[in-house]
Amino acid sequence: MKNKEKKSKKQAILLGLELMFEFNLHPAIITACQNLEQLDIYLDCLEDNELEKFSCFKVIYKVLPKLKNEKNVSKLEKVHA
Numbered sequence: 012m013k014n015k016e017k018k019s020k021k022q023a024i025l026l027g028l029e030l031m032f033e034f035n036l037h038p039a040i041i042t043a044c045q046n047l048e049q050l051d052i053y054l055d056c057l058e059d060n061e062l063e064k065f066s067c068f069k070v071i072y073k074v075l076p077k078l079k080n081e082k083n084v085s086k087l088e089k090v091h092a
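In the working numbering, each residue carries its 1-based index in the sequence shown increased by 11.
What follows is the structure, given as structure tokens:
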């Protein structure tokens with residue numbers, strides 16, 4: 012906020028404290044917002060659980076594939092055998 016919105020350090024810290032308790036907010040979203048208005052719109056959509064209405068930019072949710080852990084697989088095979 013300090014750099015993008017040309018606000019004071021105090022205002023940036025206050026915004027950071029406010030966002031600290033938003034557990035559903037991903038840091039990449041904060042970075043992707045070009046201004047405070049976009050962030051406010053996203054937070055409103057997030058609060059109302061209506062993220063499909065957020066249209067400032069496209070949010071793509073991707074989950075990485077889970078890798079098999081050989082140790083866990085062999086332990087499970089022994090337990091079920």
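Beta carbons are placed, not taken as given, at the ideal position from N, Cα and C, and that holds for glycine.
Output the boundary residues of the alpha helix (DSSP H) element that contains Y72.
That residue, Y72, is in no alpha helix (DSSP H); it is neither H nor E in DSSP.
Please report the distance separating the alpha-carbon of Y72 from that of L28.
So the two alpha carbons sit approximately 25 angstroms from each other.
Look at the alpha carbon of L62 and the alpha carbon of A23, and state the distance between them as a whole number of angstroms.
Spanning the two alpha carbons is a distance of roughly 25 angstroms.
Taking C-alpha atoms, which residue in Y53, L25, Q49 lies nearest to N35?
With distances taken between Cα atoms, N35 lies closest to Y53.
Return the CA-CA distance between T42 and Q49, expressed in angstroms with no decimal places.
Cα-Cα distance, rounded: 11 angstroms.
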